[in-house]
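The structure appears right after this line, and notes come after that.
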Amino acid sequence: MSRYWSAVVHGLTPYVPGEQPKLANLVKLNTNENPYGPSPRVLDAVRAEAADTLRLYPDPGSDRLRAGIAAFHGVNADQVFVGNGSDEVLAHAFMALLKHERPILFPDITYSFYPVYCRLYEIGYQQIPLTESFEIRVDDYRMPNGGVIFPNPNAPTGRLLARSEIERLLANNPDSVVMIDEAYIDFGGESAVGMVECYPQLLVTRTLSKSHALAGLRVGYAIGQPPLIEALNRVKDSFNSYPLDRFAQAGALASIEDHAHFEALCARVAATRSRLVVAMVDMGFEVLPSAANFIFARHPVHQGAKLSAALRERSIIVRHFSKPDRIAPFLRITVGSDAQCDTLLAALKAIVAC
Ligand SMILES: Cc1ncc(COP(=O)(O)O)c(C=O)c1O
1 MSRYWSAVVH GLTPYVPGEQ PKLANLVKLN TNENPYGPSP RVLDAVRAEA
51 ADTLRLYPDP GSDRLRAGIA AFHGVNADQV FVGNGSDEVL AHAFMALLKH
101 ERPILFPDIT YSFYPVYCRL YEIGYQQIPL TESFEIRVDD YRMPNGGVIF
151 PNPNAPTGRL LARSEIERLL ANNPDSVVMI DEAYIDFGGE SAVGMVECYP
201 QLLVTRTLSK SHALAGLRVG YAIGQPPLIE ALNRVKDSFN SYPLDRFAQA
251 GALASIEDHA HFEALCARVA ATRSRLVVAM VDMGFEVLPS AANFIFARHP
301 VHQGAKLSAA LRERSIIVRH FSKPDRIAPF LRITVGSDAQ CDTLLAALKA
351 IVAC
């Protein structure tokens, strides 16, 4: 606290990201990073940018990257907005599209950055409870609102909302923006990007942090009809004209263009996820159906906090959320490499046997 702070700062409860420990030899399964490296083409592109041109500002509009993303998704470049990680894209979108008189709606169990943006921008919100089985029920969102946002698959549950349900939600909600945060969609779901053409209120956000194995490069993007993108650009250009540096623009484009590497990464993670789920269910865990690169699991006897601490003693880090109460028994575990998952499974076997 300080008397020099602006009033809004006193009321902030900042987001706490998963730990990034400095210790070596940890099995790090807590922040949903990809266990495999990015495309070799990304590394070449980034190296090529380490040149005298670094004295010049990067392209403020990231035009080549936006054209590459547009080509990948079959949309026009004026339907694409890029930012410094999808967290920044989301932040701009909250400011640009979700600040209205009515509260916005999102699930009670979801990405915990959403309420943080709301407090920062003073946006009212209402949390809609997930069902008993941790699913989004779109009929619960049938009320006047200032906007709707949720991840698909949801985080931290991993559960996917079917395309037909998203379509129903959009049809029920023509008067405010519906934002679908597709941070994890590439690991097992169908993107809603194809619906952007029909629904002017739809904005889809995506990231290269997970399925492109580029969490360290910080690139995210949004796709929507041009009026929504224009709103995002207005906010961006009132904040930072150059959110993506030269390395990020070149590396991200190389990654988007390397379809084979991207598809191989997603398939490998999905295969390991299937194996992990089977092994954990065998051990007595309940694992929610996951379409993401993580699983959400609880044991009937051993509580989440204790399991997380016991894993940590064995140098394995997973994520545990103590709030809200009904997810306290769960662990969110990133799908790592096969070797990491074997280490995890051996540790869990020893822990639950005690
Ligand atoms: C649901 C969800 N959305 C967005 C993000 C942000 O991703 P990034 O800022 O790395 O693009 C995350 C990160 O974990 C996430 O879980």
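Counting in the working numbering, the sequence shown runs from 1 upward without gaps. Just so it is clear, CB atoms sit at the ideal spot from N, CA and C, and this is done for glycine as well.
Query raised in the report: Quick one: what's got a C-beta closer than 6 Å to Val235's C-beta in the same chain, skipping five residues either side?
Result: Here residue 235 is taken as the residue at index 235 of the sequence shown, counted from 1. Cβ neighbours of Val235 beyond the five flanking positions: His92, Met95, Ala96.
Requested in this report: For Lys315, I'd like the list of residues in its chain whose CB is within less than 7 Å of its CB, leaving aside the five on either flank, ordered along the chain.
Outcome: For the purposes of this step, residue 315 is taken as residue 315 along the sequence shown, with counting starting at 1. The sequence shown places Ser at residue 315, rather than the Lys named in the question. If we look at Ser315 and ignore the five residues flanking it on each side, its Cβ neighbours are Asn25, Leu26, Val27.
Report task. Could you tell me how far apart the beta carbons of Gly220 and Thr205 are, in whole angstroms, since I believe they sit closer than 8 Å? Result -> Looking up residue 220 in the sequence shown gives position 220. Looking up residue 205 in the sequence shown gives position 205. About 6 Å separates the two Cβ atoms, so the contact holds.
Requested in this report: Using only the heavy atoms of ligand 1, determine whether one of them is closer than 7 Å to the beta carbon of Ser164.
Outcome: Residue 164 sits at position 164 when you count from the first residue of the sequence shown. Relative to ligand 1, even the nearest heavy atom lies 7 Å or more away from the CB of Ser164.
Requested in this report: Quick one: measure Cβ to Cβ for Ile327 and Ile128, integer angstroms, because I've assumed they're closer than 8 Å.
Outcome: Residue numbering aside, residue 327 sits at position 327 when the sequence shown is read from its first letter. Residue numbering aside, residue 128 sits at position 128 when the sequence shown is read from its first letter. So it is not a contact: roughly 15 Å between Cβ atoms.
Report task. Indicate the three-state DSSP secondary structure (helix, strand or coil) for Phe294 in the structure shown. Result -> Along the sequence shown, read from residue 1 onward, the residue named residue 294 stands at position 294. Looking at Phe294 - three-state DSSP - the assignment turns out to be strand.
Report task. Give every residue of the same chain whose Cβ lies closer than 7 Å to the Cβ of Gly304, excluding the five residues on either side of it in the sequence, and list them in chain order. Result -> By one-based count along the sequence shown, residue 304 stands at place 304. So the list reads Arg298, His320, Ala328, Pro329, Phe330, Leu331, once near-sequence residues are dropped.
Query raised in the report: How big is the Cα-Cα spacing for Glu122 and Val352?
Result: Looking up residue 122 in the sequence shown gives position 122. Looking up residue 352 in the sequence shown gives position 352. Going by the C-alpha atoms only, they are around 44 Å apart.
Query raised in the report: Is the segment 150 to 167 touching the segment 187 to 195, taking contact as three or more C-beta pairs under 8 Å?
Result: yes
Query raised in the report: Can we count Tyr111 as close to ligand 1, meaning its CB is less than 7 Å from some heavy atom?
Result: As a first step, residue 111 must be located in the sequence shown, where it is residue number 111. Yes; taking the cut-off as 7 Å, the Cβ of Tyr111 has a heavy atom of ligand 1 nearer than that.
Requested in this report: Report the rounded CA-to-CA distance for Ala264 versus Ser255, giving the unit in angstroms.
Outcome: Taking the first residue of the sequence shown as 1, we reach residue 264 at position 264. Taking the first residue of the sequence shown as 1, we reach residue 255 at position 255. Looking at the two C-alpha atoms, the distance is approximately 13 Å.
Query raised in the report: Which whole-angstrom value describes the C-beta separation of Leu120 and Val148, a residue pair presumed to lie in contact below a C-beta threshold of 8 Å?
Result: Against the sequence shown, residue 120 aligns to sequence position 120. Against the sequence shown, residue 148 aligns to sequence position 148. Between Val148 and Leu120 the Cβ distance is about 19 Å, and since that is not below 8 Å, they are no contact.
Requested in this report: Within the segment 95 to 123, note down every full beta strand (DSSP E) run reaching 3 residues or more, in order along the chain.
Outcome: 104 to 107
Query raised in the report: Tell me which same chain residues have a C-beta within less than 6 Å of the C-beta of Gly142, skipping the five on either side of it?
Result: Stepping through the sequence shown from its first residue, residue 142 is reached at position 142. The sequence given here has Arg at residue 142, not Gly. Around Arg142: Asn172.
Query raised in the report: Between Ala279 and Phe285, what straight-line distance do the alpha-carbon atoms span, to the nearest angstrom?
Result: The residue labelled residue 279 in the question sits at position 279 within the sequence shown. The residue labelled residue 285 in the question sits at position 285 within the sequence shown. Each residue's alpha carbon lies about 9 Å from the other.
Requested in this report: Return the residue from the list Gln79, Val82, Asp140 that minimises the CA-CA distance to Thr131.
Outcome: Taking the first residue of the sequence shown as 1, we reach residue 131 at position 131. Comparing Cα positions, the closest option is Asp140.
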